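Following my numbering, the numbering of the sequence shown begins with 47 at its first residue and continues without gaps.
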Amino acid sequence: MSYSIRYLVIVGLSSVLLLLSGCSLSQTVQPAALSVIELPKALVESSGLVCVDQQFISFNDSGGLPILYRFDRKGQIQRQLKLSVRNNDWEAISSDGTYLYLADTGNNAGQRKSLSLYKIPLDWSGLKQPYKPEQIRIQLPASDKLLPYQHDVDFEALVYQQHSLWLISKSWASQIPARYKLDPRSRQQELGQAESFATPGFLVTDAVFDKDLQQWWMVGYSDPHKAIWAYLSSAGLGPRIARYDQQMKLLETQALPTSGQVEGVCIDQDKQIWISEEGNKHSPARLIKTALSSQ
47 MSYSIRYLVI
57 VGLSSVLLLL
67 SGCSLSQTVQ
77 PAALSVIELP
87 KALVESSGLV
97 CVDQQFISFN
107 DSGGLPILYR
117 FDRKGQIQRQ
127 LKLSVRNNDW
137 EAISSDGTYL
147 YLADTGNNAG
157 QRKSLSLYKI
167 PLDWSGLKQP
177 YKPEQIRIQL
187 PASDKLLPYQ
197 HDVDFEALVY
207 QQHSLWLISK
217 SWASQIPARY
227 KLDPRSRQQE
237 LGQAESFATP
247 GFLVTDAVFD
257 KDLQQWWMVG
267 YSDPHKAIWA
277 YLSSAGLGPR
287 IARYDQQMKL
297 LETQALPTSG
307 QVEGVCIDQD
317 KQIWISEEGN
327 KHSPARLIKT
337 ALSSQ
């Protein structure tokens, strides 16, 4: 889960009066989706998305079963791969065409000292289950005690790009995202130097890189205070998508065709952009084919 909405409501109630005085009830009109597919209950907390041929791979986030699900465009699960590692807080997934890179990098509470990436063959045939993936451990910098949802060391987006992995921060405190370059060949490494870039105006929950156009796409939703207001008013989280060039110059942002908790984005072989939305006790997770294309 990107963050606990209930938790944010509790810790943020003191600011609600300010929001009431400053928020408009008007909502951004979302563009129409080309298709909306309900995902099965097994994927109610779908937290990342990767396009594979005409199918998709996703998983549930913190505390969920350590299983990757491969499903078709009707939302029907075709295959499952159980891993022999704990789902501490799985948040993102990317691929280099041969391997998947699964990011156990969620850190809302700010208590983690290290993060993990798992390297998994894209071809699951012949893999013994539960499969033991190669682990890439990432040491976080030493810091004073971090307060939950009030720090920048939380990551929900992972992108493979030209022999490197990029971990992108959610940046609760500064609201300024940053990316960190990682080596997919090194099993032990430090987080390294942050490379900040222009904020898209939302908290980044997933990203994908189009190697043909050399462009980045990032999705996410409103900042915590707006999320509290959305929870109380049922106005929606205002999910959006942003496009950057290779040098991380912001080119555009657009509203997404939903008001829910968008957690995943991928580009299929036809350059169509898909997003996934986490479900809750009131509604299922959804796979959405947007009207956007990376062309």
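Ideal Cβ positions, reconstructed from N, Cα and C, are used throughout, including at glycine. A quick note: this is a predicted structure, and the numbers were derived from the prediction, not measured.
query, result
"With 16 other Cβ atoms within 10 Å as the buried cut-off, status of T342", "Not covered by the structure: residue 342. The range shown for the chain is 47 to 341."
"L89 - DSSP class collapsed to helix/strand/coil", "helix"
"Cβ-based neighbour list, D107, same chain, cut-off 7 Å, excluding 5 preceding and 5 following", "M47, E91, S93, D135, W136, E137, G152"
"Selected residue, minimal CA-CA separation from Y115, among P77, A188, S104, P167", "S104"
"For R183, three-class secondary structure by DSSP", "strand"
"Outcome for L283 when other beta-carbon atoms lying within 10 angstroms are tallied against a minimum of 16", "buried"
"Residues sharing a beta bridge with D252, DSSP", "V265"
"CB of L146 within 8 Å of CB of L168, strictly", "yes"
"Buried versus exposed, by CB contacts within 10 Å (16 or more), Q73", "The predicted position of Q73 is uncertain, since its pLDDT is 46 and thus under 50; a value taken from the coordinates is nonetheless stated next. Result: exposed."
"Exposure label - K216; buried when at least 16 CB within 10 Å", "buried"
"Length of the line joining the Cα atoms of Y177 and K128", "6 Å"
"Spatial distance of V254 from K120 (CA atoms)", "22 Å"
"C-alpha gap between T299 and R289, whole angstroms", "6 Å"
"Close Cβ partners of S242 (< 6 Å) along its chain, the five nearest in sequence each way excluded", "I222, A224"
"Own chain partners of V96 with C-beta closer than 6 Å, once the 5 adjacent residues on each side are dropped", "I103, I139, S141, C312"
"DSSP beta-bridge partners of V82", "I334"
"Classification of G306 by the beta-carbon crowding that lies within 10 angstroms, buried from 16 upward", "buried"
"Proximity winner among A203, A219, I166, relative to L192 (alpha-carbon distances)", "A219"
"Three-state class that DSSP yields for A155 in the structure shown", "coil"
"Three-state secondary structure (DSSP) of S130", "coil"
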